[in-house]
Structure formats: C-alpha cells, structure tokens
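Notes follow the structure.
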Amino acid sequence: MTYKDVYAAWQQDPDRFWMQAAEAIDWVKRPSKALFDDRAPFYEWFRDAKVNACWNAVDRHVENGMGDYIALEHVSPVTHSTKGITYRELRDRVASLAGALRAKGIEKGDRVIIYMPMIPEAVMAMLACARLGAVHSVVFGGFAANELAVRIDDCTPKAIIAASCGIEPDRIVHYKPLLDAAIEQAAHKPEFCVIYQRDQEVARLEEGRDVAWHTFQYGVEPAECVPVEGNHPAYILYTSGTTGQPKGVVRDTAGHLVALAWTMPNIYNIGPGERFWAASDVGWVVGHSYICYAPLIAGATSIVYEGKPVGTPHPGVFWRTIQNYRVKSFFTAPTALRAIKREDPNGEWIKRYKLHALQGLYLAGERADPDTVKWAEEHLGVPVVDHWWQTETGWAIAANPLGIERLPIKPGSPSVPMPGYDVQVLDEGGQPIGRNTLGAIAIKLPLPPGTLPTLWHAEERFRKSYLDHFPGYYETGDAGYIDDDGYIYIMARTDDVINVAGHRLSTGAMEEVLSSHPDVAECAVIGAADALRGQLPVGFLCLKRGTTKTEDQVIAECVALMRAKIGPVAAFRKAVVVERLPKTRSGKILRATMVKIADGQPFKPPATIDDPAILDEIAAALKTIGYPAA
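FYI, in the UniProt record's numbering the residues of the sequence shown are 1 to 630.
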C-alpha cells in the first residue's frame, strides 16, 4: 500500500483502521471499539479494554522467545562505559523494582515522580510504574528545586525515584540536594524516596524517608503485571505553560500503546531485533515515546545515550555510536545537528565511521531549516526526515513514512499528515484558507490515539489552552501553510509570525535565508517593537568555526541576502553575531524571551533554559544595535 492508500483507509473508516492497528497489542480484555465520543471534546480511545503497558513492552517478548535479545543498550561517553541489557534481564529487574514499590504501598493509580539521568534505571523505573498501573511523571534530572516542587504539588506523588547525580562533560550535577530542597518547598510530601547511588557520587540519605535502590529490593517478591482500563493514565508529563504554571499532559494507556506500535514499522521502518536510537532524554516526550515505550513495544533494541552531540569527546560521537551499535533509524533534534555542523562543517568526522546500517535520520523538536537537512543528506547519504509533533500529541502529526513509502523530501517541510490527523490551516476567524497561504495550523477533532485526552486535574485549562480558540479543532500554536502536494510547512510558533507595516511575515522563512549563508552555523530571527512599522526583524547569527570574514561582512551579506530572497518588505537591516543562542534543554530557541529583552520588558528565565547566563550575553549584543529602544 502507498501512503495515500493508508491515509485514505483511515479517512474512510477511522474505527476500523485503529482496531486493525490494535491487533499489534496484547490485550487482557479486547476493546469493543476504538473511539468513545460520549464525553466530547474529551475523546477516549479503547476505553473498555484491559491492558498492561509493561507486558507489551517487555514480558511478551520474553514469552515469545526473545529473552536473550538486547532490549536496552546504555552508551555513556561521559562515564566511558557501555552496557547491554536483555529483555529477560529487563523483565526481572523491572519486576523486582515493581515488587519493592508494591511492598511499600504503591498501587494502581498512585503517582510516582522519576528524577533521573540517562541511565537504564530511569527506563526501569518508568516500566515498574506501568507494571503496577501507577502513574509516572518523569521530571528532567537536575531540574531546579522550585520547578520540581511545583510538579510535586500538582501530581502529589506517593513516592519519588531519583539518582544521586547526573554527569555533564565538565561537572557532576548534584541531584539529591535539589530533591531535598524541592520536597522542603512543596506542600505535598512523598511517603518515601528511592535513591539510585551512582559511582560518581554517593548521596546522603534522609533517615526514615530515603532508601537506597539496591537495599530497597532485597527479599521482595517480584510483581506481576496489573491490568488497567484503556483510558487509565500511563503518565503525566509537564510542559511549559504561558502562565508560568506547567501543564500536566496526560497520556492514556491503550491509545498510547496502539499509536506507538503503529509508528515503529510505518514511520521509522523498525521491527523486532533492529536497533533504534532517539538521542533525547526521558525527561522529554521523545524519551517517553521513543527511548522507553515504542522501541520496546516493537521488540527492538533502544539506545540509552548519556552524553552530548559535541564535546563528549568530539563531534563524531553520534556517528561512532551509530557505527558501533549498527543503528538503523536515528532520531535527534535539529539543534544537535547544527552543533555538529558548526564544529565539523565539511563532515570530516562522519567520514571516519562506517554507517552501513543507517537507513534514515529523523529530526523533531523544532523546525529543521533546509540548510541543515541538506548538509545531513549530503554527508550521510540517507533520507533525512523532518517530522513534526508535540509533547501533547506524543507522536508525529506529520512525517515521511519510510516504512510505508519513501515520499519525495522537501527541505523545510515535515512532509505529510499521518493517519488520525486532519490538519487544516485557518485564518484568525477559524475558517480554512487556501493552499500556500500562511495561517494558524489546527487539527480537526478528534485527535488520534496516543494524544492527550486532557490535562492533569485541569479540564478547563485544557479547553482554554487548546480547544476554545478554534471550536472543533485542536490549536497547535504553530503557524504555517500546506502546499499544492499536501506537504505541511511549519514556519513559526503562532506568536513568532511578525507584523511589519501590515505584512505578516514568518520568522522561520527569514531564518531559512540566513542559514543559507555559507558562514552561518545557526541563527534566530525575532520581531522587535518598532514605533513606525509595528515590528522589525532582528537577526542573531552564530558563525561557523574557521570563517575568515569579519562579523560586519557577514551581517552585510545577510542583509543583502534577505533583501534578495524575501524582498524590501521584510525591512531586515539589523543583526548581531553571538557565540550561542538561548535554548531549552531540549534545544528549542527561546525567541519569546529574546523579544522581551529587545523590547525592554520584564521577563523570567524559563525553568527549562539550558544556561540562564546566556540571556545577559543576548542583552549585551542587542544593546550594540540599539535595543531596547529608548
């Protein structure tokens, strides 16, 4: 079947399509139908089923003779260690941890926060919760104490599972003091904390509350898998909210399993025994969907990577890992590729490794600029699939489904909608607009299985955040257009579309132009307030290593390039060269914060920022070109 056949099959009979997809899952009680819409717009999938996520990710593969296959491959350049864990070992260790949690009173429906680095034990903790029907909430390891406290108060965990420390290329991140401070600040107190002591740091345990990971499991009966209802929450994952209060995205169990099981063969072209690597973190949605659950549901090997794309120890570490573990499909963020490209613009490090097993590179997390896509295609010689999804959706809204059919790649586009997603471009009044016209991108309800049914204990906020602006649609918050071939182009967040003298312009389109300059490694464009035109674009340029031109030369050439490619309407005249851009830990550029700095507005550094000190550097750079204006 072609992509068009598959998408048409979903359109013609969505319930039949998803019930067929559900055949990939082991059910304790099979669902009678796929969609339950009696509580619309709070749609539910496979509600009357009974199922267990841990069974589908681990136990059934052991039962089916795959016990000796590698489930998790831990690759840690920061500790100079590697370790493979088979499906049988994973089952036994998860069952042991689940048994210990059960012995301490953790039951179906209880919440457990997980605060760990990229080690296999983080995945085991997630699966142990799923085994019991407990609801896990993974918080990025090393997150600030006050932000962790907010999440503790919101999901009220009975227990917290943490590690003693995380390891960065140049330092140890002390998790335990952060955890202690968060519990002290929080109104809700967990009953107990399980601490995994790492060799690099042994943390002090709080008597009566804390227990060491290994001691915790002594002499405890392993736990069996607990069946849960199809609409039972698998996890809560917090994403930043505009109010400063994080939004707890809920993921239901059955829809999550069915959707992820469908994606592995169809989007990523991965089957049992094959090797898949998502270079992310379990603190983000990519880590939930494509480090922990989806590869294991598929019976594949999942790489758990602890390190950076550059500096641990060099810009070839990704390619070395792909070579050594014969990775077939690799998933990373465009920002990671840009970091590598900046250090290795000619791909010399790529040439050192044999990447024969690699069949596709997948990008998500932010918009992939065409220049980065072309660079990767040229040096890797494989399809580079920019695909688009969100924490809320849990899997790809749009992609190039290599497992069904390799569609033509259009740099700058995440390709086409996946089954379940009826993607529309709307004007400000909520009416669909024609092809090749910039507008707000929305998805007609219902959303497919695996997407968020609501926010944790915040139904009204769910409506306000996603449903109220465009009735009958899910508002993505992204702006873009659909071309004549049905390809989607995500150009900016809705609030990143700037208005220059009445002309709506995409900052993403401007960034495409700047990144095409041969000396620009990475860039960002924001709209700064202007008394005459409303807004004016300002560019931030990170230059490639070894460029011989002066900063003024590069800026002048970028201004000329913008005039040639977008035209005088862009009114692009100001840019600054900076060493780095402010980003979240997942690699998203903090454009909204940069706008506030340029406009002289008060701002609070987002909790997810990688390094707050960089904002001072941005402010200093903006001052050199007259921002904020007097």
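For glycine and all other residues, C-beta sits at the position ideal for the given N, C-alpha and C.
For clarity, every value in this text was computed on a predicted model and none was experimentally measured.
Closest by C-alpha distance to F140, out of A440, T239 and G534, is T239.
A check of alpha carbon separations from A159 across G109, R204 and A145 identifies G109 as the nearest. Within the same chain, Cβ atoms closer than 8 Å to the Cβ of A40 are found at L445 and P446, the five residues on either side in sequence being excluded. Secondary structure in the stretch 130-208: the beta strand (DSSP E) runs of 3 residues or longer, each lying completely within the stretch, are 135-138, 159-163, 165-168, 171-174 and 192-196 in chain order.
D369 has its alpha-carbon roughly 21 Å from the corresponding atom of V423. When V384, P272 and L380 are compared, the shortest CA-CA separation from Y362 is found for V384. Taking 8 Å as the cut-off, the Cβ atoms of A100 and R131 do not count as close. Of the candidates Y487, D92 and V94, Y487 places its Cα closest to the Cα of H387. Shown here, N499 sits in a strand according to DSSP, grouped into three states. Minimum Cα-Cα distance from A598 among the listed residues D611, T584, D616 and R585 corresponds to D616. Spanning the alpha carbons of F36 and A234 requires a straight line of approximately 18 Å. Contact annotation, Y466 with E475: C-beta distance approximately 5 Å; criterion of less than 8 Å satisfied. Under the three-state reduction of DSSP output, R493 falls in the strand class. Contact annotation: V554 and L543 have beta-carbon atoms nearer than 8 Å.
Segment contact: the stretch 591-611 against the stretch 303-318, fewer than three CB-CB distances shorter than 8 Å; contact not assigned. The closest CA to that of H314, considering only Y290, K328, V425 and A339, is found on A339.
A Cβ-Cβ distance of about 6 Å is found for the pair A524 and R591, placing them in contact under the 8 Å criterion. For G527, the enclosing beta strand (DSSP E) starts and ends at V520 to D530. By the beta-carbon neighbour count (other beta carbons within 10 angstroms, threshold 16), L532 is exposed.
Excluding sequence positions up to five before and after R111, its CB lies within less than 8 Å of the CB of A134, V135, H136, S137, C155, T156, P157, K158 and I236, all in the same chain and listed in chain order. In this structure the stretch 252-270 lies against the stretch 47-55, because at least three pairs of beta carbons, one per stretch, are closer than 8 Å.
Within its own chain, the residues whose Cβ lies closer than 7 Å to the Cβ of I25, once the five positions on either side in sequence are excluded, are V51, N56, L257, V258 and A261, listed in chain order. Residue burial annotation: D59 is buried, with at least 16 other C-beta atoms found within 10 angstroms of its C-beta. By alpha-carbon distance to W277, the top candidate from H232, A333 and V226 is A333. Put simply, the backbone Cα of C225 is about 30 Å away from that of C165. Excluding residues up to 5 positions away in sequence, L358, Q359, G360 and L361 lie with their Cβ nearer than 7 Å to the Cβ of V382 in the same chain.
Judged by DSSP secondary structure, V554 falls within the alpha helix (DSSP H) whose first and last residues are E551 to K565.
Inter-residue distance for D210 and R88 is about 29 Å (C-alpha atoms, whole angstroms). Secondary structure at R461: helix, using DSSP grouped into helix, strand and coil.
Annotation: the continuous alpha helix (DSSP H) that includes A259 extends over T253 to N266.
Here the stretch 490-508 makes contact with the stretch 569-582; the two share three or more CB pairs at distances below 8 Å.
Under a 10 Å Cβ-count criterion, Y421 is classified as buried, with 16 or more other Cβ atoms of the shown protein chains found around its own Cβ. If you look at T393, you'll find it isn't in any alpha helix (DSSP H); DSSP assigns it neither H nor E. Note that the C-beta distance between D252 and P453 is below 8 Å. In this structure, I526 lies away from M418, with their beta-carbon atoms at least 8 Å apart. Around the beta-carbon of P177, fewer than 16 other beta-carbon atoms lie within 10 Å, marking it exposed.
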